[in-house]
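First the structure, in the form of structure tokens, and then the observations on it.
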Amino acid sequence: MKKLKYALFTGCTAKQSTPEQMMSTLAIAEKLNIELIELTEASCCGASHLQDYDDFLSLVLNARNIAYAEKHELTMVTICNTCQLNTAMTKHRLDNDSDLKKRVNEKLEEVGLEYKGTSNVIHFLYAIIDDVGLDTIKEMVTTPLSQFNIAPFYGCHNIRPSELQNESHKTKESAYRPTSLDDLIIACGGNTVDYEEKNKCCGFHVELQAPKTASILTGNAIAGAMDGNADWMVTPCPLCHLKLDTQTHHASEAIGREVKLPVLHMQQMIGLALGCSSEELGLQHHVSKVNFI
Amino acid sequence: MSTSNITTQKVNFKVFRFNADEDYLPYYEDYNMEVTSEEVVLDILNRIKWDHDGSFSYRRSCRHGICGACAIKVNGRATLACKESMTDMVDLFGSELTIEPLSIKRAVKDMIIDKGDFWEKHDAIHPYLISDVQEHPEHEHIVTPEEADQLNEADLCIQCGACHYACPAVEVNEDFFGPAAFAKAYRFEADVRDEAHTERLQHLHEEGQGLWDCVKCFECAEVCPKDVNPIDKITKLHQMLFKEGVATSNVATRHAVGFKHSIAKHGMLDEGGLVLYSEGPGIVKHIPVALQMFRKGKIVMPWNMPKSDNLDEIQKLIKSSSTAKF
Chain A
4 MKKLKYALFT
14 GCTAKQSTPE
24 QMMSTLAIAE
34 KLNIELIELT
44 EASCCGASHL
54 QDYDDFLSLV
64 LNARNIAYAE
74 KHELTMVTIC
84 NTCQLNTAMT
94 KHRLDNDSDL
104 KKRVNEKLEE
114 VGLEYKGTSN
124 VIHFLYAIID
134 DVGLDTIKEM
144 VTTPLSQFNI
154 APFYGCHNIR
164 PSELQNESHK
174 TKESAYRPTS
184 LDDLIIACGG
194 NTVDYEEKNK
204 CCGFHVELQA
214 PKTASILTGN
224 AIAGAMDGNA
234 DWMVTPCPLC
244 HLKLDTQTHH
254 ASEAIGREVK
264 LPVLHMQQMI
274 GLALGCSSEE
284 LGLQHHVSKV
294 NFI
Chain B
5 MSTSNITTQK
15 VNFKVFRFNA
25 DEDYLPYYED
35 YNMEVTSEEV
45 VLDILNRIKW
55 DHDGSFSYRR
65 SCRHGICGAC
75 AIKVNGRATL
85 ACKESMTDMV
95 DLFGSELTIE
105 PLSIKRAVKD
115 MIIDKGDFWE
125 KHDAIHPYLI
135 SDVQEHPEHE
145 HIVTPEEADQ
155 LNEADLCIQC
165 GACHYACPAV
175 EVNEDFFGPA
185 AFAKAYRFEA
195 DVRDEAHTER
205 LQHLHEEGQG
215 LWDCVKCFEC
225 AEVCPKDVNP
235 IDKITKLHQM
245 LFKEGVATSN
255 VATRHAVGFK
265 HSIAKHGMLD
275 EGGLVLYSEG
285 PGIVKHIPVA
295 LQMFRKGKIV
305 MPWNMPKSDN
315 LDEIQKLIKS
325 SSTAKF
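Protein sequence lines correspond, in order, to chains A and B. Going by my numbering, the first residue of the first sequence is number 4, and it counts up by one from there. Going by my numbering, the first residue of the second sequence is number 5, and it counts up by one from there.
So, in structure tokens, the structure goes:
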């Protein structure tokens, strides 16, 4: 299997509230012969909230992050949907507006950096599908997940706006009928659960501002997966994960029904199928207990 | 166009039927039809009415994507029936298609819904130019092409309601203005002739109904048949709140500004610090979940907070590139 190499933008969550996401990313990278150069200089992407406050500053900071990937002459891999959206959106705007790019580069020059536009920005899910390939994953599976019904939860910021998202990867994804995560579940030997909420919003971004809205959306998502007879859910986004894993009490209260399911990161699911141990994958860090291992 | 390129396909349509005057519950009727690659969804609605059941009801008028009357949902996807090609729908969803009104809970008869909430919210943001027009102006009020460019995209909205009824926040929060109303508000906020900037923005700033309740899911951008990109307008309105000095200190504004403070201090986001900064004393309500997370090793203590390398660069850029004040 050929060696792959990427610049890894971890985002903030992987270093704090979802340590298991960082652990499982590194565990499966080793299995898949992927070298990840961590961009330790990177700042927060602004998570679409800094963008509400100061658009130009958020562009400068995100362009700086990409500039570090460019310095390594590597594709930037993200492991958070919201990091992906904000970084890819910055790239799109700078690559299509030379005046804006110039203004951003004037700032970056002050710290000896330049945004060129030479590095692609891609979420790890699509990097795995595009560059490793589902067939390779299938061949490498040692512990097929065949006894599990797995509900994919895509996360908004990987699939919408689809025009922008589809610029970064070869796997073309429809926002209305996404298939990448389903395909990955099948490659890992699992059974996919089809349910209405799989491409819907988890409510994470308004957890503080509009807690009721956020909790209802979380509750609906878990309830949809449960009604689809899912044993567990899987998501490529650590923010969705936080919401679905840690907020079940509020979600249950909001929709008037007890909802709870184990929720795995996409990396943990691959790791399980490839024979990683539950400790390596950080399954002990979940609030909604992973009760099937 | 040569007719030899037209292909046909068998499709089973599962069509939502309901008459509020007669039916206790809605039901779905199956219609099997051959559809051609030349047809749009509206052609199918017409054929159901003309060939199968004359009582089938839907709104239609211009059939050119201008009037906004015929928006419905196909397999859950809001779409303008006169613009959506059947081939694209079959390519995307296969040969089993479910045809429903934009909002099932607002259905009056088949595809026809009571769009009252949409218009109420549209009306609430004062969707018109507010300006003291001089009866005898002394000079022309020239709007430059650059100024007009700011609002052109938002001006394309045809009020079809596709984004409004695709919005999950509208679905669960009846006070929320929704993406169409916001895009329309932006259209006038961005108009240099409008004199109600601050007043309208104050209205949009209010929690519960206003901009801060947008969940940032991008459903509105994805669904809009006229590429109005409502969430882009919502983001621009957020920025205006700060630029025009309308933003007041609340959990949402502190949350947005808190990112800058955190990045200036650590490069990365300090998750716990952000919640504290945003909530203030309100942080107590998060303690039960925080304790659960702490037990699972999900909370990093302030003294262990990771920092980005070359933090001095980030701090320098924040100083030199900040454009907003709060």
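All C-beta atoms, glycine included, are put in the ideal place defined by N, C-alpha and C.
Residue-level contact by beta carbon holds for Gly49 (chain A) and chain B, with a gap shorter than 7 angstroms. Looking at A:His126, A:Ile82 and A:Arg106, the one whose alpha-carbon comes closest to that of Thr174 (chain A) is A:His126. Against chain B, the beta carbon of Ser27 (chain A) has no neighbour under 7 angstroms; the closest one sits roughly 14 angstroms away. Straight-line measurement puts the Cα of Ala91 (chain A) at about 14 angstroms from the Cα of Ala10 (chain A). For Leu96 (chain B), the nearest beta carbon of chain A is closer than 7 angstroms to its own beta carbon. Partner residues in a beta bridge of Ile219 (chain A), as assigned by DSSP, do not exist.
Approximately 7 angstroms separates the beta-carbon atoms of Asn161 (chain A) and Cys240 (chain A); this is inside 8 angstroms, confirming the contact. Chain-order list of chain A residues neighbouring Gln213 (chain B): empty, with the shortest C-beta distance near 11 angstroms, by a criterion of under 9 angstroms.
If you check each beta-carbon in the segment 60-93 of chain B against every beta-carbon of chain A, the ones closer than 8 angstroms belong to Asn79, Gly80 and Arg81.
Three or more Cβ pairs drawn from the segment 187-195 of chain A and the segment 132-145 of chain A lie within less than 8 angstroms of each other, which places the two stretches in contact. Interface annotation for the segment 42-67 of chain A against chain B: Thr43, Glu44, Ala45, Ser46, Cys47, Gly49, Ala50, Ser51, His52, Leu53, Gln54, Asp55, Tyr56, Asp57, Asp58, Phe59, Leu60, Val63, Leu64 and Arg67, criterion Cβ-Cβ distance under 8 angstroms. Look at Arg110 (chain B) here: in three-state DSSP terms it is helix.
Under the Cβ distance rule, Glu283 (chain A) does not count among the residues neighbouring chain B, no pair being separated by less than 7 angstroms.
His268 (chain A) sits away from Gly301 (chain B), with the two beta carbons spaced by 7 angstroms or more. Against chain A, the beta carbon of Thr239 (chain B) has neighbours under 7 angstroms at Gln54 and Asp55, listed in chain order.
Cβ neighbours of Gln24 (chain A) within its own chain (closer than 6 angstroms, five residues either side excluded): Ala17, Pro241 and His268. For Val78 (chain B), the three-state secondary structure derived from DSSP is strand.
Note on geometry: alpha-carbon atoms of Glu193 (chain B) and Thr249 (chain A) lie some 39 angstroms from one another.
Fewer than three Cβ pairs drawn from the segment 52-71 of chain B and the segment 146-157 of chain B lie within less than 8 angstroms of each other, which leaves the two stretches out of contact.
Below the 8 angstroms Cβ cutoff, chain A contributes Val209, Gln212 and Ala213 as neighbours of Trp216 (chain B), in chain order. For Asp102 (chain A), the enclosing alpha helix (DSSP H) covers residues Ser101 to Glu112. Taking 3 residues as the minimum length, the beta strand (DSSP E) runs contained wholly in the segment 185-243 of chain A are 235-238, in order along the chain. Contact annotation: the segment 118-125 of chain B does not touch the segment 33-41 of chain B, with fewer than three C-beta pairs closer than 8 angstroms. The three-state reading of DSSP puts Leu101 (chain B) in strand, counting E and B together. According to the DSSP assignment, Ala276 (chain A) belongs to the alpha helix (DSSP H) that extends over Met269 to Ala276.
Interface annotation for the segment 111-125 of chain A against chain B: Leu111, Glu113, Val114, Gly115 and Leu116, criterion Cβ-Cβ distance under 9 angstroms. Secondary structure of Ile117 (chain B) (DSSP, three-state): strand. Neighbours of Thr327 (chain B) in chain A, taken as residues whose beta carbon is under 7 angstroms from its own, are Asp57, Phe59 and Leu60 in chain order.
Minimum Cα-Cα distance from Ser266 (chain B) among the listed residues A:Val209, A:Lys215 and A:Ser46 corresponds to A:Ser46. By the 16-neighbour rule on beta-carbons within 10 angstroms, Gln13 (chain B) is exposed.
Between the segment 57-66 of chain A and the segment 207-226 of chain A there are fewer than three C-beta pairs closer than 8 angstroms, too few to call the two in contact. In the DSSP assignment, the residues bridged to Thr81 (chain A) are A:Phe12 and A:His126. Not flagged as an interface residue toward chain B: Ala10 (chain A), since no C-beta distance is shorter than 7 angstroms. C-alpha of His172 (chain A) to C-alpha of Glu33 (chain A): approximately 22 angstroms in a straight line. The C-beta distance from Ile225 (chain A) to Val262 (chain A) rounds to 4 angstroms, short enough to meet the 8 angstroms contact threshold. For His95 (chain A), the closest Cβ of chain B is not nearer than 7 angstroms.
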